[in-house]
Amino acid sequence: LLATACGARLTAAQRAAGIGALTKNGGSTTGSATGGTTGATTGSSTGGTTGATGTTTGGAAGGTTGGANNLGSGSCSSGGATDTGVTANQITLATIADVSGVQPGLFKSAWQAMSAVTAYINSQGGICGRQLKDLQLDSQADSTQNRAAVQQGCTQAFALVGSMSAFDDGGASVGQQCGIPDISAITVNAARSTASNVYPAYPVGPNYINTSWGLQIKQRYPDAIKKSAFITLNAGASVQNGNQRIKALTKLGYTFVYTTQVQVVESNYSPYVQAMQSKGVEFIDMLADYQSIVRLQKAMQQASWFPQVRVWDSVAYSPAYLSQGETAVQSQPPGCNDVLKNVPCPAYVFLNTALFKEASSNPELQLYLSWLQRVAPGAQPDYFGMYAWSAGRLFQKAATMVGAKLTRKALFSALQSIHSWNDFGLHIAHDIGAKREGNCTLYVEIKSSGFVRAFPASGWTCTGNLMKTS
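Mapping of the sequence shown onto this note's numbering: residues 240 to 709, in sequence order.
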């Protein structure tokens, strides 16, 4: 779970809920997608994200090309007080995040990103002459507090934007009943993601799963996947999500010779390593927080045994993960175990966002990083912050489309019409209106120098499609 060094303070249920936000991070859209990225892809596509003053074009699998990433302030003047939270000169938004509670700072990056994006938008003139104000509400990693925060947002804000809460189901029915637009960063629980008022920047759904990342490994390691292993935490939604992933990978041709569930507080992973070794496992995937993944890999190191391929979700894309795991988490030189004596054993992470190391070639990522430091000097950018920033930019786009007469009803119509949103190359293109994630991914390899792009050479690759799992 999350890029912090103190995840062990979370209860099993809390950690599992947070992990649920990351179970399908490879990204996914049905068929070929329109998008604003460049690079190799299995199908052609056109389009991109069109704003008031800039357009991005390109295939579904790469970085932004053409156009600018400035949506502008809208060629309109203020329309007065048009709805809850809207006055002649201000639009009040609310961002709900787990900041205090059992793990302080859990999703503080969402608050920071929203502070950054509202400051940036205001510096560009706001939206139709109105400046943005962000009301930041703390859900405290608690379902009841999330409900209370949504209730407050319903009466005091025009829309919820950039929210990130482990127990976001708490306010799902309240938000839907009051009709407040909810552009969350990422939804965690099915009740929130399926609510009729929710249109997240990363629209993870409970009934579909990305296949792109699995196909990439299949193409590169066709023999290793015949002896696959899968480990998931025995807590919360992780078990269901793990079963969905096993089902999807099996349909892709993976053969699982070992699957198991472990407790969140498990400290001894040696028995699991011994079991995989006896089964001749050559591919391993684990649905867990990065601390648990580190413990598994340290047990592998102690046994002098690694499978040929290790693949982790974006939970591992964290400096804290590297520092905790030391050499255990890295790719291994030829000679991973007694059977694979002359075979390199890579450790990969799959992602659907841009890489921090490549910020110099990504103007939108530069914007996020620079404005983050303006509003919160020393703050660390992370995956959740990136999608909170994207949520803010998505609100800017939709509100600019509406114009001066900004109402909740009109904003919903605008959001429902957006079918390709990649925030100018900050992440893969998602279908916001249909609430479908994109089917693209990239892989980084974990080396002693850190996270190094593995494949594709640039952008993302978008093979396969979005697989229905229920």
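The beta carbon of each residue, even a glycine, is placed where N, CA and C say it ideally should be.
Please determine, among the options, the residue with the shortest C-alpha to C-alpha distance to residue i.
i: Gly-340; options: Cys-315, Ala-355, Tyr-682, Leu-376; result: Leu-376
i: Ser-316; options: Cys-367, Thr-646, Asn-361; result: Cys-367
i: Lys-518; options: Cys-701, Asp-670, Lys-465, Ser-362; result: Lys-465
i: Thr-433; options: Asn-449, Gln-455, Asp-407; result: Asp-407
i: Gln-540; options: Gly-631, Ser-509, Trp-551, Ala-514; result: Ser-509
i: Leu-705; options: Pro-583, Thr-323, Arg-675, Ile-456; result: Arg-675
i: Val-550; options: Arg-484, Arg-647, Glu-597; result: Arg-484
i: Ala-649; options: Ala-487, Asn-449, Asn-436, Gln-395; result: Asn-436
i: Glu-597; options: Gln-458, Phe-495, Phe-690, Ser-656; result: Phe-690
i: Asn-591; options: Met-625, Asn-480, Gln-635; result: Met-625
i: Gly-574; options: Ala-405, Val-582, Val-356; result: Val-582
i: Phe-545; options: Leu-654, Ser-412, Ala-586; result: Ala-586
i: Gly-324; options: Leu-345, Cys-393, Pro-445, Asp-662; result: Cys-393
i: Ile-714; options: Lys-644, Val-533, Trp-660, Pro-616; result: The question about residue 714 has no answer, for the chain in this structure spans 240 to 709.
i: Lys-537; options: Tyr-511, Phe-663, Ser-553; result: Tyr-511
i: Pro-461; options: Pro-616, Lys-636, Leu-491; result: Leu-491
i: Ile-671; options: Ser-656, Tyr-682, Val-683, Gly-365; result: Ser-656
i: Tyr-529; options: Ser-687, Leu-472, Phe-595; result: Leu-472
i: Ser-404; options: Ala-463, Thr-450, Gly-365, Gly-344; result: Gly-344
i: Pro-572; options: Tyr-682, Ser-687, Ala-388; result: Ser-687
i: Asn-480; options: Asn-449, Tyr-497, Asn-507; result: Asn-449
i: Tyr-447; options: Pro-616, Asn-482, Tyr-497; result: Asn-482
What is the rounded straight-line gap between the Cα of residue i and the Cα of residue j?
i: Gly-274; j: Ala-673; result: The predicted model places Gly-274 with a pLDDT of 29, which falls under 50 and marks its position as unreliable; any figure quoted below should be read in that light. Roughly 15 Å separates the two Cα atoms.
i: Asn-309; j: Ala-380; result: 34 Å
i: Ala-336; j: Leu-579; result: 46 Å
i: Ile-422; j: Phe-651; result: 10 Å
i: Ala-440; j: Asn-576; result: 42 Å
i: Val-504; j: Asn-428; result: 22 Å
i: Arg-369; j: Lys-347; result: 26 Å
i: Leu-371; j: Ser-557; result: 31 Å
i: Val-478; j: Tyr-493; result: 19 Å
i: Gln-502; j: Trp-699; result: 34 Å
i: Ser-599; j: Leu-606; result: 11 Å
i: Gln-513; j: Gln-547; result: 15 Å
i: Ala-358; j: Val-338; result: 20 Å
i: Cys-584; j: Glu-603; result: 34 Å
i: Ile-360; j: Met-640; result: 15 Å
i: Arg-386; j: Arg-431; result: 11 Å
i: Gly-642; j: Asn-328; result: 13 Å
i: Asp-621; j: Ser-570; result: 23 Å
i: Pro-420; j: Gly-703; result: 32 Å
i: Ala-474; j: Ser-531; result: 13 Å
i: Phe-694; j: Ser-629; result: 24 Å
i: Lys-486; j: Leu-454; result: 14 Å
i: Cys-701; j: Asn-678; result: 6 Å
i: Thr-383; j: Gly-410; result: 8 Å
i: Phe-634; j: Val-443; result: 18 Å
i: Cys-417; j: Gln-342; result: 30 Å
i: Val-488; j: Phe-495; result: Checking the sequence, you will find Leu at residue 488 rather than Val. Between Leu-488 and Phe-495, the C-alpha separation is close to 9 Å.
i: Gly-319; j: Leu-654; result: 22 Å
i: Thr-191; j: Arg-692; result: The requested residue 191 is not part of the displayed model; the chain covers only 240 to 709.
i: Thr-285; j: Leu-535; result: With a pLDDT of 28 at Thr-285, under the threshold of 50, the modelled position of that residue is not reliable, and no figure is offered here.
i: Ile-667; j: Pro-445; result: 19 Å
i: Phe-589; j: Asp-552; result: 6 Å
i: Phe-623; j: Ser-543; result: 35 Å
i: Asn-661; j: His-669; result: 6 Å
i: Val-520; j: Ala-463; result: 8 Å
i: His-658; j: Lys-636; result: 13 Å
i: Gln-363; j: Gln-458; result: 46 Å
Since I believe residue j is in contact with residue i (beta carbons under 8 Å), could you give me their beta-carbon distance rounded to a whole number of angstroms?
i: Leu-665; j: Ala-555; result: Actually they are not in contact, since the Cβ atoms of Leu-665 and Ala-555 sit about 20 Å apart, beyond 8 Å.
i: Ala-352; j: Ala-638; result: Contact doesn't hold; Cβ gap of about 18 Å is too wide.
i: Trp-452; j: Thr-680; result: 4 Å
i: Thr-499; j: Ile-456; result: Contact doesn't hold; Cβ gap of about 20 Å is too wide.
i: Gln-395; j: Leu-374; result: 6 Å
i: Thr-646; j: Thr-326; result: Thr-646 to Thr-326, Cβ: 13 Å. No contact.
i: Met-732; j: Ala-468; result: Coverage of the chain is limited to positions 240 through 709, which leaves residue 732 absent and any answer about it impossible.
i: Val-413; j: Arg-632; result: At roughly 26 Å, the Cβ-Cβ gap does not stay under 8 Å, so Val-413 and Arg-632 are not in contact.
Taking 9 Å as the CB-CB limit, is residue i close to chain D?
i: Met-706; result: Reference to chain D is not applicable here, since this structure consists of a single protein chain.
*Is there contact between the stretch 389–400 and the stretch 320–336, where contact requires at least three CB pairs shorter than 8 Å?*
Counting Cβ pairs under 8 Å, three or more are found: they touch.
_Those runs of the alpha helix (DSSP H) which lie wholly inside the stretch 477–552 and span at least 4 residues_ = 477–490, 509–518, 529–541
*Report yes or no: do the stretch 518–527 and the stretch 563–574 share at least 3 C-beta pairs separated by less than 8 Å?*
no
_So within the stretch 556–623, which uninterrupted beta strand (DSSP E) runs reach at least 3 residues, ignoring any that extend past its ends?_
586–590
*Does the stretch 350–365 come close enough to the stretch 600–611 to have 3 or more Cβ pairs within less than 8 Å?*
yes
*asked:* I'd like the ranges of any beta strand (DSSP E) spanning at least 3 consecutive residues and lying wholly in the stretch 674–700.
replied: 681–686, 689–694
*May I have a chain-ordered list of the alpha helix (DSSP H) segments no shorter than 4 residues that lie completely inside the stretch 322–383?*
Entirely contained in the stretch 322–383, the alpha helix (DSSP H) runs reaching 4 residues are, in chain order, 347–362.
*Would you list, in sequence order, the uninterrupted beta strand (DSSP E) runs of no fewer than 3 residues that lie entirely inside the stretch 397–439?*
Fully contained in the stretch 397–439 are the following beta strand (DSSP E) runs of length 3 or more, in chain order: 398–400.
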